[in-house]
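Undergrad: Numbering (full-length UniProt numbering), first residue to last: 1 to 600.
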């Protein structure tokens, strides 16, 4: 059984008192923001009265958003550390309610701003030079002119934002706080409760019976609740399709990608390129089958390491290795890493009720915190350096950009995190002398590539299919979702859906399907990171500087422009093909080690 939170040493818990010293301070800020938000209703109808009016209202809007963001982050993270505590669920609901009121109060902003002419905007900038720093933000607003609705409709959408979030919230509560998995027998013969936090640990077990029992227990539980999960997912899809339709987008995908000014061709190019390279995945799976000595390879055999080399690594050792890896970026970057690792930015260990998985989070005026559910293995060290990549991206952006550009798009986010992963792989391979250890690192890289590029594209393909099905009137029942997911999985892995029936329920446990076309960015990010890591390790000092400038850019330019300046053109297929070349080269190296007898 996982520890209770009070049993975890303080040094392994994030310090949220740096956001608000007490819950009372949080509630005082909530009350103040509620009052401040109420006062802003007088702004409606006056945005373009004068240059001064545009500046005052814009800065008031951003100032309130900055404070609300901080308020929400505290509530959300407090809730995530123990999702069973009703108090912080209430805090989170209050913060969301405030955001809804804020959005409703400023629903006039975009419709009114759309009336401005180019001449008027330039005249306003001349009169109030402070407006110049908002030029890119204004440009992006005007680019979405065709999708901004009347003030009345915008107010309705703002007022219903909490309702629109309910499918994702319901999923989160069900999956993290309510769902209970059965006990299984571990490698030592002990009966232990299965959880989100230890599932992958069991999937990596050398004991096939343990893997099978954990796998069947996990998906057997989701099978019991498949109809509930189908309803929450269908509701989420309908919400996003409705919002896209109301805003005159062709689809929810179009709306989601347009928010970051990403053409849909980037998504389609990814899916096409990955499908073209599926034979590489099948080749790797066949090697896995050979090395494991299993005639009937199953989905629960996909995670166990192919090497018997011990990859157990403590949290402290992982911190040290990550710091050493990231020294390549210089003193300024390393100083922030040191601060994060030593000053309780990280919530490390599993505890009862804690949100599963891992993430980096925070607000413009907070530390860039990280949530982990630590297990002593190589995969968790990669998770640590991945989330550190997000956190350093956040901190460098905030230190460089004003609040209006102090965030980066989701499209850019996964590039920074997976570049760090690639750098760790490069360092480990450069240092290793033992063939068995090299085998283990190559195996980890190939599994990571499979899980990030192939698997996330599989998710992206499934996600696009269910949104399209809903648009065409298909009811997203559990049976429909099971069949579609099973077929998609069979195409990617070459393993019969009929012989792997449990995997058809996997869609039910993927939280990213509630993030509205997020997952494809893991795959594009990893592929771009392959090119960037190569430039950082083998390129010029200018290449490194260009990369750091990308980390500092935030949203001060369009995402594709930001990453192009760092050296990757993501409108073309080349970066994807280059990534598959790295995968194939490392697969060939693994195959060569097998020929030498370096395997189980």
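C-beta atoms are modelled at their ideal positions from N, C-alpha and C, and glycine is treated no differently.
Compute the Euclidean distance between the alpha carbons of residue 302 and residue 488, then round it to the nearest angstrom.
TA: In the chain shown, the residue the question calls residue 302 occupies position 302. In the chain shown, the residue the question calls residue 488 occupies position 488. Taking the straight line from one Cα to the other gives about 16 angstroms.
Undergrad: Throw me the rounded Cβ distance for the residue 345 and residue 363 pair, which I believe falls under 8 angstroms.
TA: Residue numbering aside, residue 345 sits at position 345 when the chain shown is read from its first letter. Residue numbering aside, residue 363 sits at position 363 when the chain shown is read from its first letter. In fact, because the Cβ distance is near 13 angstroms, the residues do not count as touching under 8 angstroms.
Undergrad: How would you call residue 475, buried or exposed, if buried means at least 16 neighbouring beta carbons within 10 angstroms?
TA: Sequence index remark: in the chain shown, residue 475 carries index 475 (1-based). With fewer than 16 other Cβ atoms within 10 Å, it is exposed.
Undergrad: Within the region 520-597, note down every full alpha helix (DSSP H) run reaching 4 residues or more, in order along the chain.
TA: 520-538, 541-553, 559-565, 574-595
Undergrad: Using DSSP with H/G/I as helix, E/B as strand and the rest coil, what is residue 265?
TA: The residue given as residue 265 occupies position 265 in the chain shown. Helix, per DSSP.
Undergrad: Would you mind working out which of 597, 586, 596 sits nearest residue 283, comparing C-alpha positions?
TA: One-based indexing of the chain shown puts residue 283 at position 283. Of the candidates 597, 586, 596, the one whose C-alpha sits nearest the C-alpha of residue 283 is 586.
Undergrad: Under 8 angstroms: do the region 164-173 and the region 323-334 share three or more Cβ pairs, one atom per stretch?
TA: Segments in contact, no.
Undergrad: State the CB to CB distance for the pair residue 386 and residue 420, rounded to an integer number of angstroms; the pair is presumed to be in contact (CB under 8 angstroms).
TA: Position 386 of the chain shown, counted from the start, is the residue given in the question as residue 386. Position 420 of the chain shown, counted from the start, is the residue given in the question as residue 420. Yes, they are in contact, since the Cβ atoms of residue 386 and residue 420 sit about 6 angstroms apart, within 8 angstroms.
Undergrad: To the nearest angstrom, how far is the alpha carbon of residue 404 from that of residue 281?
TA: Counted from its first residue, the chain shown places residue 404 at position 404. Counted from its first residue, the chain shown places residue 281 at position 281. The C-alpha of residue 404 lies about 42 angstroms from the C-alpha of residue 281.
Undergrad: Can you tell me the Cα-Cα spacing of residue 515 and residue 330, whole angstroms?
TA: Looking up residue 515 in the chain shown gives position 515. Looking up residue 330 in the chain shown gives position 330. Computed Cα separation, rounded: 34 angstroms.
Undergrad: Could you tell me the distance, in whole angstroms, from the CA atom of residue 51 to the CA atom of residue 72?
TA: For the purposes of this step, residue 51 is taken as residue 51 along the chain shown, with counting starting at 1. For the purposes of this step, residue 72 is taken as residue 72 along the chain shown, with counting starting at 1. Cα to Cα, residue 51 sits roughly 32 angstroms from residue 72.
Undergrad: So residue 198 packs on residue 355, CB below 8 angstroms; how close in whole Å?
TA: By one-based count along the chain shown, residue 198 stands at place 198. By one-based count along the chain shown, residue 355 stands at place 355. That belief does not hold up - the Cβ atoms of residue 198 and residue 355 are roughly 15 angstroms apart, past 8 angstroms.
Undergrad: Please give the ranges of any alpha helix (DSSP H) in the region 19-102, keeping only runs that are unbroken, at least 4 residues long and fully inside the region.
TA: 23-39, 51-81
Undergrad: Thinking just about the alpha-carbon of each residue, which of 536, 277, 593, 531 is nearest to the one in residue 442?
TA: Along the chain shown, one-based indexing puts residue 442 at 442. When each option's Cα is compared against that of residue 442, the closest is 593.
Undergrad: Can you tell me where the beta strand (DSSP E) with residue 371 in it begins and where it stops?
TA: What you label residue 371 is simply residue 371 of the chain shown in a count that begins at 1. Segment 369-371, the beta strand (DSSP E) holding residue 371.
Undergrad: For residue 100 versus residue 161, is the C-beta distance shorter than 7 angstroms?
TA: Within the chain shown, numbered from 1, the residue matching residue 100 stands at position 100. Within the chain shown, numbered from 1, the residue matching residue 161 stands at position 161. The answer is yes: Cβ separation under 7 angstroms.
Undergrad: Apply the 10 Å Cβ neighbour rule to residue 180 and answer buried if 16 or more other Cβ atoms are within range, or exposed otherwise.
TA: Within the chain shown, the letter at position 180 stands for residue 180. Residue burial annotation: residue 180 is exposed, with fewer than 16 other C-beta atoms found within 10 angstroms of its C-beta.
Undergrad: Using CA coordinates, which residue listed in 89, 98, 381, 392 is at the minimum distance from residue 413?
TA: Taking the first residue of the chain shown as 1, we reach residue 413 at position 413. Relative to the Cα of residue 413, the nearest Cα in the group 89, 98, 381, 392 belongs to 392.
Undergrad: Grouping DSSP H, G and I as helix and E and B as strand, with all else coil, what is residue 360?
TA: Within the chain shown, the letter at position 360 stands for residue 360. Note: residue 360 maps to strand in three-state DSSP.
Undergrad: Could you give the first and the last residue of the continuous alpha helix (DSSP H) run that contains residue 319?
TA: As a first step, residue 319 is located in the chain shown; it is residue number 319 there, counting from the start. First-last of the alpha helix (DSSP H) with residue 319: 315-326.
Undergrad: Helix, strand or coil for residue 305? Go by DSSP, reduced to three states.
TA: Within the chain shown, the letter at position 305 stands for residue 305. Coil at residue 305, not helix or strand.
Undergrad: For a test of the three-state rule: what should DSSP assign to residue 402, helix, strand or coil?
TA: Residue 402 sits at position 402 when you count from the first residue of the chain shown. Here residue 402 sits in coil by DSSP.
Undergrad: With a threshold of 7 angstroms on Cβ separation, who are the neighbours of residue 205 within its own chain once the five nearest residues in sequence on each side are excluded?
TA: What you label residue 205 is simply residue 205 of the chain shown in a count that begins at 1. Cβ within range, chain order: 187, 211, 304.
Undergrad: Kindly indicate which residue of 353, 360, 349, 352 has the alpha-carbon position closest to the one of residue 340.
TA: Residue mapping note: residue 340 aligns to position 340 of the chain shown, counting from 1. Considering only alpha carbons, the answer is 360.
Undergrad: Give me whichever residues DSSP pairs with residue 183 in a beta bridge.
TA: Taking the first residue of the chain shown as position 1, residue 183 is located at position 183. In the DSSP output, where bridge partners are listed per residue, residue 183 has 193.
Undergrad: Is it buried or exposed for residue 190, if we count other Cβ within 10 angstroms and need 16 for buried?
TA: Here residue 190 corresponds to residue number 190 of the chain shown, with the count starting at 1. The residue is exposed, with fewer than 16 neighbouring Cβ atoms inside 10 Å.
Undergrad: Output the boundary residues of the alpha helix (DSSP H) element that contains residue 283.
TA: Counting from one through the chain shown, the residue named residue 283 turns up at place 283. Element bounds for residue 283: 278-292.
Undergrad: Please name the residue, chosen from 382, 103, 61, that lies closest to residue 313 on a Cα-to-Cα basis.
TA: Here residue 313 is taken as the residue at index 313 of the chain shown, counted from 1. Checking every option, the nearest Cα to that of residue 313 belongs to 382.
Undergrad: Check whether the region 121-139 touches the region 45-61, counting contact only when three or more Cβ pairs, one atom from each stretch, lie closer than 8 angstroms.
TA: When Cβ pairs closer than 8 angstroms are counted between the two stretches, the region 121-139 is seen to touch the region 45-61, the count reaching three or more.
Undergrad: If contacts are defined as beta-carbon pairs under 8 angstroms, then residue 271 and residue 460 qualify, I think. What distance do you get, rounded to the angstrom?
TA: For the purposes of this step, residue 271 is taken as the residue at position 271 of the chain shown. For the purposes of this step, residue 460 is taken as the residue at position 460 of the chain shown. Contact holds; Cβ gap of about 6 angstroms.
Undergrad: Taking the Cβ atom as the reference point for each residue, do residue 114 and residue 145 lie within a distance shorter than 7 angstroms?
TA: One-based indexing of the chain shown puts residue 114 at position 114. One-based indexing of the chain shown puts residue 145 at position 145. Cβ distance < 7 angstroms, so residue 114 and residue 145 count as in contact.
Undergrad: Roughly how many angstroms separate the alpha carbons of residue 430 and residue 557, rounded to a whole number?
TA: To locate residue 430, count along the chain shown from 1; it is residue 430. To locate residue 557, count along the chain shown from 1; it is residue 557. Roughly 36 angstroms separates the two Cα atoms.
Undergrad: Note down, one range per segment and in chain order, each alpha helix (DSSP H) of at least 4 residues found wholly within the region 493-523.
TA: none
Undergrad: Beta carbon of residue 68, beta carbon of residue 98: below 7 angstroms?
TA: The sequence position of residue 68 within the chain shown is 68, counting from 1. The sequence position of residue 98 within the chain shown is 98, counting from 1. Taking 7 angstroms as the Cβ cut-off, residue 68 and residue 98 qualify as a contacting pair.
Undergrad: So, are the CB atoms of residue 92 and residue 107 less than 7 angstroms apart?
TA: As a first step, residue 92 must be located in the chain shown, where it is residue number 92. As a first step, residue 107 must be located in the chain shown, where it is residue number 107. Going by C-beta atoms, residue 92 is not nearer than 7 angstroms to residue 107.
Undergrad: Are the region 499-512 and the region 432-442 touching, with three or more C-beta to C-beta distances below 8 angstroms?
TA: no
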